[in-house]
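**Q** Could you have a look at this structure, given as structure tokens, before my questions?
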Amino acid sequence: MVIISVDQSSFSSPISPTTSIESEKSWRVSGVPNGVAKDIDAEALQSQDAKPRYSTTITSSPTAGVQEMYENRYKLLLDDNRFLQDSLKREQQAREEIAKLMREECGGLSHQIKMCMEEKRITENNLAEARLEIERLKDFQHTLKAEVDLKDQKIGDLLERIKEHDAAHNLIEEEKSMDELMVERKKSDSFSSKWMAEKEISHSLSLKIAELQRDQYSHQAEIQTLKQSLVEVKNQARGDKCS
């Protein structure tokens, strides 16, 4: 807080009693800190008819007039000092309010910064976990790829073995078919031989049957001849007996 003090020694130099009101106003304005006295006497300075706040009547005694003028100036300085003190109090209160608001604002910003830092930490942790998970997934992918390649190789080997097995099976089937064909052919040849033998036997039997039939025909002719001879003999015998 600024307090203006008045040095009484300044009163030692006499001032002319003919000091004008304008010079008095100029002294009041210039003797007070800039911007304060101007606000105090703004209305008084704007009007040419404004009356001074103290008596400007000069008495017959120069010393009494100077003393009264100094007393009035001292009162004005006290008023200005009180006004300045009030202004400083208001300014101090305003500064305290501003500081309070700034502290509250800074507290809110500090809280927001803490929250942002916490969110940043959580985000960084999540990113680190995500990176670790990505690395684990990459390793797992490489492992799966190696297993898939191994299985593909095994499948390829198995397919080759299946092809070889199929080729061997087909060869065996072909050989088996050839063996069966040879067996069937042998059976057919045997059957043909048997059929030819039976055909020859049948032909020989047919010849024998034909020969037997011829013999039978000849025997029947002989029998018929013998029967006729027997009838003739019987008839001759009957004729002889009757005679």
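For the record, in the sequence shown the residue sitting at position 59 is 465 according to my numbering, with numbers rising by one throughout.
For every residue, glycine included, the Cβ atom is placed at its ideal position computed from N, Cα and C.
1. Which value, in whole angstroms, describes the spacing of the CA atoms of N576 and M584?
2. Rounded to a whole number of angstroms, what is the C-alpha to C-alpha distance between L636 and I629?
3. May I have the straight-line CA-CA distance separating L484 from E525, to the nearest angstrom?
4. In whole angstroms, give me the CA-to-CA distance for M602 and S612.
5. Taking only the alpha-carbon atoms, compute the straight-line gap between A573 and S608 and give it to the nearest angstrom.
6. From L543 to I561, what distance separates their C-alpha atoms?
7. Straight-line CA distance for Q622 to E638?
**A** Reading from the atomic positions:
1. In the sequence shown, the residue the question calls residue 576 occupies position 170. In the sequence shown, the residue the question calls residue 584 occupies position 178. Using only the alpha carbons, I get a separation of about 12 Å.
2. The residue given as residue 636 occupies position 230 in the sequence shown. The residue given as residue 629 occupies position 223 in the sequence shown. In a straight line, the C-alpha of L636 is about 10 Å away from that of I629.
3. By one-based count along the sequence shown, residue 484 stands at place 78. By one-based count along the sequence shown, residue 525 stands at place 119. Approximately 59 Å, taken between the alpha carbons.
4. Residue numbering aside, residue 602 sits at position 196 when the sequence shown is read from its first letter. Residue numbering aside, residue 612 sits at position 206 when the sequence shown is read from its first letter. One C-alpha to the other measures close to 15 Å.
5. Stepping through the sequence shown from its first residue, residue 573 is reached at position 167. Stepping through the sequence shown from its first residue, residue 608 is reached at position 202. The alpha-carbon atoms of A573 and S608 are separated by roughly 50 Å.
6. On the sequence shown, position 137 is the one that residue 543 refers to. On the sequence shown, position 155 is the one that residue 561 refers to. The straight-line gap from Cα to Cα measures roughly 26 Å.
7. Here residue 622 refers to the residue found at position 216 when the sequence shown is read from its first residue. Here residue 638 refers to the residue found at position 232 when the sequence shown is read from its first residue. Rounded to whole angstroms, Q622 to E638 spans 24 Å at the Cα level.
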